[in-house]
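With the sequence shown counted from 1, adding 10 to any position gets you my numbering.
Everything below concerns the one structure shown next.
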Amino acid sequence: MADEEHRVNVADGLILGHDDDGEGPLALEEETGPCRRCIVSGEVLPIERLIRFVVGPDGSVVPDIEARLPGRGLWLSAGRDMVNTAAAKNLFAKAFRRKVVVPSDLCERIENLLLRRCIERIGLARRAGQAIAGFEKVRGELKAGHGAVLLAAADGSADGRDKIRALAPGLPLIVALRGDELGAAFGRDRAVHVLLTAGRLAEGLKVDAVRLAGFRPE
């Protein structure tokens, strides 16, 4: 079943959505949305804070970033340490109840998949007129009360980031992508400050950026 539109509960910061992999959502409070249990921590979380995995035809563990691949799936909290722990303790094989192959670069594969999704979402937003880049442009839009999601390059100036942040302290701020990665979404070498307007692309970006941050340094 295809995923429903992602939505965000601003009050508690949970990024919510829907998925149906045949295992059924856990019965939690309605406002938390469908959740799953992480096989490492045992913690029950909204699915957008998790990564789903399935077993490929060759017996290897495959990250199912969109949570749409067929077959039985298991879930891990979106973090490099969680994936490494699951591999070290043979939890993938135990959860799938079969012998599996865990790629040595599994974390890097997940990071790259999430990064590509983030860049694609920003690029789509730009082409739809829902994203702008550049300090002055972003500042002007924020002063006018526009925008829904702020992005700042992780390798950018902390001073510039603080100045932009001060104009809209209530907006979500994503600091998970480097300047060259943000620039790729705009067809340029580098971008440091980016602003997205409200919409499905902005909401999806929040989901992917939160998960991406779990596979990158603080």
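Where is the CB? At the ideal position from N, CA and C, for every residue including glycine.
Euclidean distance between Cα positions of residue i and residue j
i    : j    : result
K104 : L192 : 39 Å
G157 : A178 : 9 Å
A96  : I129 : 28 Å
A186 : L152 : 21 Å
E146 : F196 : 16 Å
R210 : V112 : 34 Å
G66  : M92  : 20 Å
A98  : S114 : 11 Å
L55  : G224 : 15 Å
A135 : R149 : 18 Å
A164 : G139 : 24 Å
R82  : F106 : 8 Å
K216 : L161 : 10 Å
L101 : V50  : 8 Å
G43  : R90  : 24 Å
G133 : R126 : 10 Å
D68  : D74  : 15 Å
A168 : R62  : 34 Å
Buried or exposed by the 16-neighbour rule on C-beta atoms within 10 Å, applied to residue i
i    : result
E58  : buried
A154 : exposed
G166 : buried
E118 : exposed
A212 : buried
M109 : The sequence shown places Lys at residue 109, not Met. Its Cβ having fewer than 16 others within 10 Å, K109 is exposed.
A77  : buried
R137 : exposed
A176 : exposed
R198 : exposed
Residue i vs residue j beta-carbon contact at 8 Å
i    : j    : result
L116 : V64  : no
L86  : L60  : yes
L206 : A141 : yes
A143 : A208 : no
E121 : R226 : yes
I184 : H203 : no
D190 : R131 : no
Three-state secondary structure (DSSP) of residue i
i    : result
D199 : coil
C48  : coil
D74  : strand
A208 : coil
L55  : strand
F225 : coil
V220 : helix
Integer Cβ distance of residue i from residue j, believed to fall under 8 Å
i    : j    : result
E181 : V159 : Sequence check: residue 181 is Leu here, not Glu. Indeed they touch by this definition, with Cβ atoms about 7 Å apart.
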